[in-house]
Amino acid sequence: MTTAEACNLTRNEVMKRIKAALKRRSGKEWSVRGGKGTAYGWLTIDVLPKRRTWQWVEASEQDEFGSPTYIEVDDPSREFGHMGPADRQELGELLGLDCCHFQGQMVPAGSASYAEFIDRAEGREPSVYGQRNWD
Numbered sequence: 001m002t003t004a005e006a007c008n009l010t011r012n013e014v015m016k017r018i019k020a021a022l023k024r025r026s027g028k029e030w031s032v033r034g035g036k037g038t039a040y041g042w043l044t045i046d047v048l049p050k051r052r053t054w055q056w057v058e059a060s061e062q063d064e065f066g067s068p069t070y071i072e073v074d075d076p077s078r079e080f081g082h083m084g085p086a087d088r089q090e091l092g093e094l095l096g097l098d099c100c101h102f103q104g105q106m107v108p109a110g111s112a113s114y115a116e117f118i119d120r121a122e123g124r125e126p127s128v129y130g131q132r133n134w135d
């Protein structure tokens, strides 16, 4: 997809297209949501809330400085979890990335980034790469 083509899509159309492509390729539903307020143009690709069952919990060991260490566990009984390792791996593979963050894959605001992640979600090498524009 070209940047010019992405310019003709609304944020909601971009989200729908990414979501549909990921479902078509993986057979699973994925969450693609837009930011609010000053982050309005940013998108987050993540698992559905019902699959956000992983938590970071304090381990019994400490690091060399005496600080606590944390391990990742699957605990559906606790609220406010995040994406587990298997889903991170799968999402990374679907998007042609080495990995994804446990809180989801961020897509910066902008036509070039939108075009890049549409290409990635649809299984193509990106024809353009988005640039982060920090204010």
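Per my numbering, the very first residue in the sequence shown carries number 1; after that it's consecutive. C-beta atoms are modelled at their ideal positions from N, C-alpha and C, and glycine is treated no differently.
I'd like the list of long-range same chain contacts for residue i, defined as Cβ closer than 7 Å, with 5 residues on each side in sequence excluded.
{"i": "Leu22", "result": "Trp30, Leu94 and Ala121"}
{"i": "Met149", "result": "There is simply no residue 149 to check, as the chain begins at 1 and stops at 135 in what is shown."}
{"i": "Glu116", "result": "Pro126, Val128, Tyr129 and Gly130"}
{"i": "Cys100", "result": "Arg88, Leu91 and Gly92"}
{"i": "Asp63", "result": "Thr69"}
Determine, using beta carbons only, whether residue i and residue j come nearer to each other than 8 Å.
{"i": "Ile45", "j": "Val57", "result": "no"}
{"i": "His82", "j": "Trp54", "result": "yes"}
{"i": "Ile118", "j": "Arg25", "result": "no"}
{"i": "Asp75", "j": "Arg51", "result": "no"}
{"i": "Gly130", "j": "Gly110", "result": "yes"}
I believe residue i touches residue j by the beta-carbon criterion, under 8 Å. Please report the beta-carbon distance rounded to the nearest angstrom.
{"i": "Leu137", "j": "Tyr114", "result": "Any answer about residue 137 is impossible in this case: the structure gives the chain only from 1 up to 135."}
{"i": "Glu61", "j": "Thr69", "result": "5 Å"}
DSSP state of residue i, grouped into three classes?
{"i": "Asp87", "result": "helix"}
{"i": "Ser60", "result": "strand"}
{"i": "Leu43", "result": "strand"}
{"i": "Gly110", "result": "coil"}
{"i": "Pro49", "result": "helix"}
{"i": "Gly34", "result": "strand"}
{"i": "Glu72", "result": "strand"}
Please go through the same chain and pick out, in chain order, the residues whose beta-carbon is closer than 8 Å to the beta-carbon of residue i, but skip the five residues on each side of it.
{"i": "Met15", "result": "Val32, Arg33, Gly34 and Leu43"}
{"i": "Cys7", "result": "Ser111"}
{"i": "Asn12", "result": "Gly34"}
Which residues in the same chain have their Cβ closer than 6 Å to the Cβ of residue i, if we skip the five residues on either side of it in sequence?
{"i": "Asp96", "result": "Here the sequence assigns Gly to residue 96, which means Asp is not the residue at that position. Contacts found: Arg120."}
{"i": "Trp77", "result": "A small correction: the amino acid at residue 77 is Ser; Trp does not occupy that position in the sequence shown. None."}
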